[in-house]
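Asks: Going by the numbering used here, the sequence shown opens with residue 2, and the numbers climb by one from there.
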Amino acid sequence: MYRRYYEILGIPEDAGPDEIKQAYRRLALQMHPDVNKAPDAHQRFIEICEAYEILIRYVQRENVSATSFHFPTPEERADLASWEEVIREARERAKRQSEMRFEKLQKEHEAFQKSGLYDLSLLLRYFFHLAAVLIALALIAFPIVMAFAVELAAFFYLAYFWIIGTFLLWYIWSNRKTWFRLGELYFKPAVIRQFLSSKPVTNSDPCFYCKGYKANGIPFEIFLLKVQDVDLRSKGALWHEVKYKRKNITAQIPRSHKAFLVHLGASAMKLLTLVIFLLFVPVGCLLWKFILGLFTGGILSTFLHLITRTRPKTLYLLNATMLIKIIIWMVVLGALSRITSQHQIVTGPYIYLGFFLLIFFVDLIVDPLANLVPHNRMYMPFFRQPSRIMELYRQGYRNFLEAPVWATIYPLLKWIF
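#1: Rounded to whole angstroms, what is the Cα-Cα separation between Y218 and P207?
#2: Within 10 angstroms of its Cβ, does H258 collect 16 or more other Cβ (buried), or is it exposed?
#3: So within the region 128-212, which uninterrupted alpha helix (DSSP H) runs reach at least 4 residues, ignoring any that extend past its ends?
#4: Mark F261 as exposed unless 16 or more other C-beta atoms lie within 10 angstroms of its C-beta, in which case mark it buried.
#5: Check for me: the alpha helix (DSSP H) holding S342 runs from which residue to which?
#6: Take A160 as the anchor and find which of P382, F143 and F149 has the nearest alpha-carbon.
#7: For the alpha helix (DSSP H) that contains T297, what are its first and last residues?
#8: By the three-class DSSP mapping on this structure, what secondary structure does E222 have?
#9: Leaving aside the five residues before and after T274 along the sequence, list all residues of the same chain whose C-beta is less than 7 Å from its C-beta, in chain order.
#10: Does the beta-carbon of P255 have 16 or more other beta-carbons within 10 angstroms, so that it is buried, or is it exposed?
#11: If you reduce the DSSP assignment to three classes, tell me which class R399 lands in.
#12: Between I57, L121 and G17, which has its C-alpha nearest A269's C-alpha?
#13: Just list the residues that DSSP pairs R247 with in beta bridges.
#14: Apply the 10 Å Cβ neighbour rule to H344 and answer buried if 16 or more other Cβ atoms are within range, or exposed otherwise.
#15: For H71, name the three-state secondary structure that DSSP assigns.
#16: Quick check: the Cα distance between R97 and P283, rounded to an integer number of angstroms?
#17: With DSSP collapsed to three states, give me the class of I254.
#18: Do K314 and F221 have their C-beta atoms within less than 7 Å of each other?
#19: For the beta strand (DSSP E) containing T348, list its first residue and its last residue.
#20: Tell me whether K105 sits in a helix, a strand or coil according to DSSP, three-state version.
#21: Which two residues bound the contiguous alpha helix (DSSP H) that contains V363?
#22: Alpha carbon to alpha carbon, how far is R126 from A16? Give it in angstroms, no decimals.
#23: Use the C-beta contact count for E51: other C-beta atoms within 10 angstroms, 16 or more gives buried, fewer gives exposed.
#24: Could you round the C-beta distance between L427 and L30 to whole angstroms and report it? I think they count as a contact, below 8 Å.
#25: Going by Cα to Cα distance, which pick from Y119, I292, E104 and D364 is closest to H43?
#26: Closest by CA to G166, which one among A150, A132 and Y187?
#27: For E77, name the three-state secondary structure that DSSP assigns.
#28: With distances taken from CA atoms, which of D368, K271 and I164 is nearest L305?
#29: Per DSSP, what are the beta-bridge partners of N320 in this structure?
#30: Alpha carbon to alpha carbon, how far is P369 from P350? Give it in angstroms, no decimals.
#31: Looking only at its chain, what residues have a beta carbon closer than 7 Å to the beta carbon of T409, apart from the 5 residues adjacent to it on each side?
#32: Give me, in chain order, the residues of the same chain whose beta-carbon lies closer than 8 Å to that of T251; leave out the 5 immediate sequence neighbours on both sides.
#33: Quick check on DSSP: helix, strand or coil for K215?
#34: Assuming T400 and L318 make a contact with CB atoms under 8 Å, what is their CB distance in whole Å?
#35: What residue does the alpha helix (DSSP H) around A29 start on, and which one ends it?
#36: Whose CA, out of A150, F156, M32 and V333, lies closest to the CA of L288?
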């Protein structure tokens, strides 16, 4: 009866609850509409959810012994009959929940596409796939060119370039059917023309980012959370668990088509500038390449916003706490580096130790001190936001969870995208 469900999840019949949960998460992720484009992905997702709902209840249920040494009592037979009813109800519940989950995934995927991040990530993947082809060809051609330009023996000295390039080109060729078929852009020229040519809706709210425009575009969403309680469970010095009880709110800011396209262009500009600096700018330290790429991308996107007279969407991230963290980062990294007479940035031997200490301990020091300031003032944005969002900040809501590493990476990703 249950064998089919075990086969759907691809696990043995003696699998425990943890194995069932791991298999479900792995397969459900594979059926995500952003990953799986197969026409039967919806039906397979339903089957996976149904198998999970049935098996997770089955393995957690106490087995009723019905061996030759024990005959079921009337109570146990009634329990078995009720279990069959539970199975039927579980099937129906699994189908309903799987439909709801799939619809939620579809809505999240559609929102992800409309946000512009889907197209940016897709373009970035195309860029790296094209770069891989060019690198493979360059690795193969380099020993040959050197053999003709310098001496024939150079081909043998540099043979490892040819070997690496050949293996890379073979891998690309083996995946040639999908190498440059990564997906279709959501914002095709026709969609962009529709955005540009659409007339403002007379009854819509005014755009917060462009003065004089109506909010006829996709609204910008800000995710805010408020920690209500922290549950710390400890069993000695070597084991502890922290659970945050928090309240989440997704606030929408009205935005016009113009503001949406400008924000999308600013994100693309930041990302492209960062990639160019990481790949081509001759700075010795990778960390400083990254920082200079962020700084240059920020300047270019600022010019774009000034030219188009559009407010940046990321101004809500800048508050007193964030400014203090940025200053600490720049002071520490600057103290561990120096600029030579050739205008090159040279880092000291402790630069990456400093980076490790910054990313793990700055948030642990700054955030508790910022919490001592009353009325959430250290987390209030410097630049004005819509009144209802400013009221949420006054109530104690914040942009992200105060957790080491995450408190650094999350605002950085939100600033880029």
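Glycine is no exception: its CB is placed at the ideal position from the N, C-alpha and C atoms.
Replies: Concretely, from the data shown:
#1: It is worth fixing the name first, because residue 218 is Gly in this sequence and not Tyr. If you draw a straight line from the Cα of G218 to the Cα of P207, it comes to about 11 Å.
#2: buried
#3: 154-158, 160-175, 177-180 and 190-198
#4: buried
#5: Taken as a continuous stretch (DSSP letters only), S342 belongs to no alpha helix (DSSP H), as it is neither H nor E.
#6: F143
#7: Here the alpha helix (DSSP H) through T297 covers L287 to T309.
#8: In this structure, E222 counts as strand in the three-state DSSP scheme.
#9: G294, T297, G298 and L301
#10: buried
#11: Correct three-state label for R399: strand.
#12: L121
#13: V228
#14: exposed
#15: The pLDDT assigned to H71 is 46, lower than 50, so where the model puts this residue is not dependable, and the model offers no usable value.
#16: 56 Å
#17: strand
#18: By the CB criterion at 7 Å, K314 and F221 fall inside the cutoff.
#19: I346 to T348
#20: helix
#21: I352 to N372
#22: 37 Å
#23: By the neighbour-count rule (16 or more Cβ atoms within 10 Å), E51 is buried.
#24: Coverage of the chain is limited to positions 2 through 418, which leaves residue 427 absent and any answer about it impossible.
#25: Among Y119, I292, E104 and D364, the Cα nearest to that of H43 is on E104.
#26: A132
#27: Low local confidence applies: a pLDDT of 49 at E77 is under 50, so the model's placement there is unreliable, with the coordinate-based value given in what follows. Three-state DSSP puts E77 in a helix.
#28: K271
#29: Note: N320 sits in a beta bridge opposite P382.
#30: 30 Å
#31: I360 and D364
#32: E222, I223, F224 and L225
#33: strand
#34: It should be pointed out that residue 400 corresponds to Asn in this sequence rather than to Thr. Indeed they touch by this definition, with Cβ atoms about 6 Å apart.
#35: P18 to Q31
#36: When the alpha-carbon of L288 is set against those of A150, F156, M32 and V333, the nearest one is in V333.
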